[in-house]
Amino acid sequence: LAARGVTLHATTVPEPFGLVIAEGMACGRAVIASAAGGAAEIVDAEVDALTHAPGDADALAAGIERLVVDEGLRSRLGAVGRRSAELRFNRDRLGAAMVPIYRTAVAIAGKERRPA
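Residue numbers for the sequence shown follow our numbering, beginning at 155 and rising by one.
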């Protein structure tokens, strides 16, 4: 799979965020991801990655086979996945989105510390 430019995420236990998936997408690799937990929120099935239900070995094998034999699908998923990663995980965008969250957290923490 590595030689074909494929990143495989086959966990059976949902994770809060699939870093391997984001890294694979950012590198322009076709991704096959377990559709559970944070992974299901990171990818758009059949658009920027292939997905399978956790523990469904038959679906996972079918996805692997599709990517091994279909170079066009591999290339398309890799290219679309890279664009998705650039949009979703861009540090400037994420940093700007985090500023109001931190400001709110600091304001709340400041109010909680003040004596009544």
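Beta carbons: idealized from backbone N, C-alpha and C, even for Gly.
These numbers were taken from a predicted model, which means no experiment stands behind them.
Buried or exposed: where does A239 fall if 16 or more other Cβ atoms within 10 Å of its Cβ makes it buried?
buried
Give the range of the beta strand (DSSP E) segment to which A211 is assigned.
From DSSP, A211 is part of no beta strand (DSSP E) but of the alpha helix (DSSP H) over 211 to 223.
For my contact list, A184 and A193 are in at a C-beta cut-off of 8 Å; report their separation, rounded to the angstrom.
Rounded, the Cβ-Cβ distance is 15 Å, inconsistent with contact.
Distance between A176 and K265 (C-alpha atoms, nearest Å)
37 Å
Closest Cα partner of V234 within the set I262, A216, F171, G178:
G178
I'd like to check one pair, A203 with V197: are the Cβ atoms closer than 8 Å?
yes
Which term fits V260, buried or exposed, when burial requires 16 or more other beta carbons within 10 angstroms of its beta carbon?
exposed
At which residues does the beta strand (DSSP E) containing A176 begin and terminate?
Element bounds for A176: not the beta strand (DSSP E) but the alpha helix (DSSP H), 173 to 180.
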